[in-house]
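Residue numbers (our numbering), protein chains in the order written: chain A, 587 to 697; chain B, 14 to 744. Note that CB positions come from ideal geometry on N, CA and C, so glycine has one too. Worksheet: the structure to be examined is printed underneath.
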């Protein structure tokens, strides 16, 4: 898993590439704890995510809840169809704000 | 003396970084893995800080080995024998550190005596499935044969049991208010016409919640969802040559594991989450979830069957055996789980607690439950400890417990199942009594009366919540076939039509199978409605078979357990094609909901002294004069309850005679008038009305009932509504 971060206006955009599973989930959590400031707007771009496991689902929800507690707003964007289907079937999808594209997500968060 | 300051109730943030346990480190190395003596409880494999705790028990094993696989790989990558110091009694427990639960699968080898005459069938050459496995991989696609070379086809994994239930709880609906809908998770949505995104899955069931709600269903009973082997059927269809399956799933091999191939996410090992989400969404829609559970046998069959788990782990404990070590077969499937052995009793209890606590299941229907009252030698117990334990267990206290109160060896306990004030029963005598009346048998009116009124002969002490009323279930004809076939047509099952029930109490209305004869077709439509209306107007808990509301057929096959295809899948086009029937079922359910007297009415014998009308009264062609004679084919019942000034009063007449009759109606108290809810002799859509909007009868003293018809009236104050034209009974 690789993570890249850039700013788009006031929105922190984090692009995740590769597999989010039990091996990489702790890294994502740590990354968020260290690099995402409170009361910010964060867009997590999953467009290049290759695989999402049980641990991956959970870490996404944990960082989302953590962000909410810190007053940040988190939106997912570019969720691959397969990943989206997994998240829908397990009920995880409804916990997230989801944008179709990164641009749409940034726009929604900036509004 | 100064008191020490009270410790802060919340730990400082820094403290949360401290190690959470003082035993989260290894003490031994086994086969290159860092391990320590594990926790014997809970049984099964559990995520613990730093690793996985494995606990497995066997009272007769001499040695146990943990076998680890990388996910999906044919050969194990490690085998870890349990040292003697890791054993507590018959429990072997080990914590293995540094294992990635997502990347590994596990099994066991158990060593011990191989002496079948003494009941022991240990075979350390086999890799065994953990009886407590909560996640089983290797079988996530229905009907796909696993590699014949795979020595361990069903593989245990360790799921995460955290789930965000939000505020979900089991619904705890009053039993009498339930309308149960028995469905097969795969068959319900697998047909291409279902229009769902992932046909045949738990997730797809969520997409059909609006359908269930609209129909008025508040409880689904899921046919077996524990991991089972659908491939264990060696037969093939004699005509098409296609292989047959064990599609129904009364063939469990993993009692703690939701069936992977019913999950859209099974290939990712997310069936536990998907199942929980399904329950949560059903609950949100006000629908309870009952599981059809099979604790009478396992998929291991008799001595010729495979050793998957129990047989080589502790055969003499898990199975009922004869004195020379052969398998008792009270289930008709080769073996019988030894449910009243103290160890197996604990296993069953652990399993049900798990489903109730972790999956928020509302209740259970026990397949061939009479077996659960047999002792290890097969004799029938007066006070079976398993049934008593289940009845009084605190975790299960609010769960519905429903017995299929018979077994395959002739034990028939309908009405006398050891109930401990808790158990309900599938009322087989309700099914048979209503079927006999409907087909026009003589001498059935008195029994119909008993069945309509909650079967007080069987459940007088326990009340109507003890009787699960049904006319059809998965096992037997569908409702459409019940009125279309005199005989079973099971040739496609590959057993020369010898399998399946012979005494179906069905009537084909004049022609065996499909016909263009409009009179026969009309009669079948009427008989279908008669059955639904009687069922939904009876005291007790009604259960519908999925698809009966849409006229689903299995072309006369009354034992379709082996067909995974259009024969058993619900064709959703039927809902449109038979929209009138579907509407009829929906309104009959709505009528039941609108009239508590149909659900909670007191037993037949108790009157209400403060009321002008008795709670239950019987009528015939003449009011207050039921005809109980053996040749009678007509019966009417009036139910009445009063709450203050509000009356709840329903009159139902059932005529199985081929002639119409004129019925004298009982007089109503002042201010009430008879309104026509349903008359199955009328042409759809006039055969039924919206509850609360029934038209008043123009003649309040006489009403005609058509041949082989059911008529239902509701008494209520006449409303001066322009749309309520007085109603003449039309045929």
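Alpha carbon to alpha carbon, how far is residue 573 of chain B from residue 467 of chain B? Give it in angstroms, no decimals.
When rounded, the distance between both Cα atoms is 30 Å.
Establish whether the CB of residue 571 of chain A and some CB of chain B are separated by less than 9 Å.
With chain A represented from 587 up to 697, any question about residue 571 of chain A goes unanswered, as that position is not in the structure.
At least one CB of chain B closer than 9 Å to the CB of residue 626 of chain A: is that the case?
Closer than 9 Å: no.
According to DSSP, is residue 86 of chain B part of a helix, a strand, or is it coil?
In the structure shown, residue 86 of chain B sits in coil (DSSP, three-state: anything other than H, G, I, E or B).
To the nearest angstrom, how far is the alpha carbon of residue 548 of chain B from that of residue 651 of chain B?
In a straight line, the C-alpha of residue 548 of chain B is about 15 Å away from that of residue 651 of chain B.
Under 9 Å between C-beta atoms, does residue 202 of chain B make it to chain A?
Chain A, which has no Cβ nearer than 9 Å to the Cβ of residue 202 of chain B, makes this no.
To the nearest whole angstrom, what separates the beta carbons of residue 337 of chain B and residue 128 of chain B, a pair I think is in contact under 8 Å?
Between residue 337 of chain B and residue 128 of chain B a beta carbon distance of about 11 Å is seen, past the 8 Å cut, so the two are scored as non-contacting.
Contiguous alpha helix (DSSP H) assignments of at least 4 residues, all confined to the segment 618 to 676 of chain A
Taking 4 residues as the shortest admissible run, the segment 618 to 676 of chain A contains the following complete alpha helix (DSSP H) segments, listed from N- to C-terminal end: 640 to 655, 667 to 675.
For chain A, check one thing: does any of its Cβ atoms lie closer than 9 Å to the Cβ of residue 172 of chain B?
Look at residue 172 of chain B: its C-beta is under 9 Å from a C-beta on chain A.
Do the segment 546 to 562 of chain B and the segment 485 to 503 of chain B touch if we need at least three Cβ pairs shorter than 8 Å?
The segment 546 to 562 of chain B, when compared against the segment 485 to 503 of chain B, does touch it at the 8 Å Cβ threshold.
Using a Cβ-Cβ distance cut-off of 9 Å, determine whether residue 729 of chain A contacts chain B.
Outside the displayed range of chain A (587 to 697) lies residue 729 of chain A, so it cannot be described from this structure.
Give the range of the beta strand (DSSP E) segment to which residue 51 of chain B is assigned.
It is not in any beta strand (DSSP E) - residue 51 of chain B carries neither H nor E in the DSSP assignment.
Beta carbon proximity, residue 655 of chain A to chain B, threshold 9 Å:
No, its Cβ sits nowhere closer than 9 Å to a Cβ of chain B.
Strictly below 9 Å CB to CB, what residues from chain B border residue 667 of chain A?
The contacting residues do not exist; residue 667 of chain A stays about 11 Å from chain B at best.
Of all the alpha helix (DSSP H) runs that stay within the bounds of the segment 119 to 162 of chain B, which reach a length of 4 or more residues?
With a minimum length of 4 residues, no continuous alpha helix (DSSP H) run stays inside the segment 119 to 162 of chain B.
Can you pull the chain B residues whose beta carbon is under 7 Å from the beta carbon of residue 676 of chain A, in chain order?
Simply 278, 283, 286, 287, 290.
Could you have a look at residue 601 of chain A and say whether DSSP puts it in helix, strand or coil?
Collapsing the DSSP output to three states places residue 601 of chain A in a strand.
Less than 8 Å between the CB atoms is what I'm expecting for residue 674 of chain B and residue 723 of chain B, so what's the real figure, rounded?
Incorrect: roughly 12 Å between the Cβ atoms, too far for contact.
Boundaries (first-last residue) of the beta strand (DSSP E) holding residue 552 of chain B
For residue 552 of chain B, no beta strand (DSSP E) run applies, since DSSP gives it neither H nor E.
Where residue 252 of chain B falls, given that 16 or more other Cβ within 10 Å makes a residue buried
Looking at its Cβ environment, which holds fewer than 16 other Cβ atoms inside 10 Å, residue 252 of chain B is exposed.
Check whether the segment 146 to 156 of chain B touches the segment 61 to 73 of chain B, counting contact only when three or more Cβ pairs, one atom from each stretch, lie closer than 8 Å.
The segment 146 to 156 of chain B, when compared against the segment 61 to 73 of chain B, does not touch it at the 8 Å Cβ threshold.
Between the alpha carbons of residue 619 of chain B and residue 641 of chain B, how many angstroms are there, rounded?
Low per-residue confidence applies at residue 619 of chain B: pLDDT is 43, beneath 50, and the placement is therefore not dependable enough to give any value.
Any beta-carbon of chain B closer than 9 Å to the one on residue 641 of chain A?
Answer yes: the Cβ-Cβ gap between residue 641 of chain A and chain B drops below 9 Å somewhere.
Say whether chain B places a C-beta atom closer than 9 Å to the C-beta of residue 644 of chain A.
True, the Cβ-Cβ gap to chain B drops below 9 Å.
Provide the residue(s) that pair with residue 301 of chain B in DSSP beta bridges, ordered along the chain.
The partner list for residue 301 of chain B (beta bridge, DSSP) reads B:232.
If we require 3 or more residues per run, which beta strand (DSSP E) segments fall completely within the segment 175 to 201 of chain B?
Entirely contained in the segment 175 to 201 of chain B, the beta strand (DSSP E) runs reaching 3 residues are, in chain order, 193 to 196.
Report yes if the C-beta distance between residue 41 of chain B and residue 96 of chain B is below 9 Å; otherwise report no.
Yes, these two residues count as a Cβ contact at 9 Å.
From what residue to what residue does the alpha helix (DSSP H) around residue 328 of chain B run?
Note, residue 328 of chain B: alpha helix (DSSP H), 323 to 331.
Taking only beta-carbon atoms, is residue 12 of chain B less than 9 Å away from chain A?
Residue numbering for chain B in the displayed model covers 14 to 744; residue 12 of chain B lies beyond these limits and cannot be assessed.
Residues of the segment 195 to 221 of chain B in Cβ contact with chain A at a cutoff of 8 Å, in chain order, please.
Answer set for the segment 195 to 221 of chain B: 210, 211, 214, 215, 216.
What residues from the segment 312 to 335 of chain B come within 8 Å of chain A, judged by C-beta to C-beta, listed N to C?
Legend: CB atoms of the segment 312 to 335 of chain B lying less than 8 Å from CB atoms of chain A are not found in any residue.
Neighbouring residues, chain A, relative to residue 293 of chain B (Cβ below 7 Å)
Near residue 293 of chain B (Cβ distances below 7 Å), the residues of chain A are 677.
Using the beta-carbon count (16 or more within 10 Å), is residue 185 of chain B buried or exposed?
With fewer than 16 other Cβ atoms from the protein chains shown falling within 10 Å of its own Cβ, residue 185 of chain B counts as exposed.
Suppose the cutoff is 7 Å on Cβ atoms and the five residues either side in sequence are ignored; what does the same chain contact list for residue 512 of chain B look like?
For residue 512 of chain B, same chain residues with a beta-carbon under 7 Å away, outside a window of 5 residues either side, are 503, 506, 572 in chain order.
Could you tell me whether the Cβ of residue 600 of chain A comes closer than 9 Å to any Cβ of chain B?
No, no contact with chain B.
Quick check on this structure: which residue in B:194, B:282, B:375 has the alpha carbon closest to the alpha carbon of residue 639 of chain A?
Out of B:194, B:282, B:375, B:282 has the C-alpha closest to the C-alpha of residue 639 of chain A.
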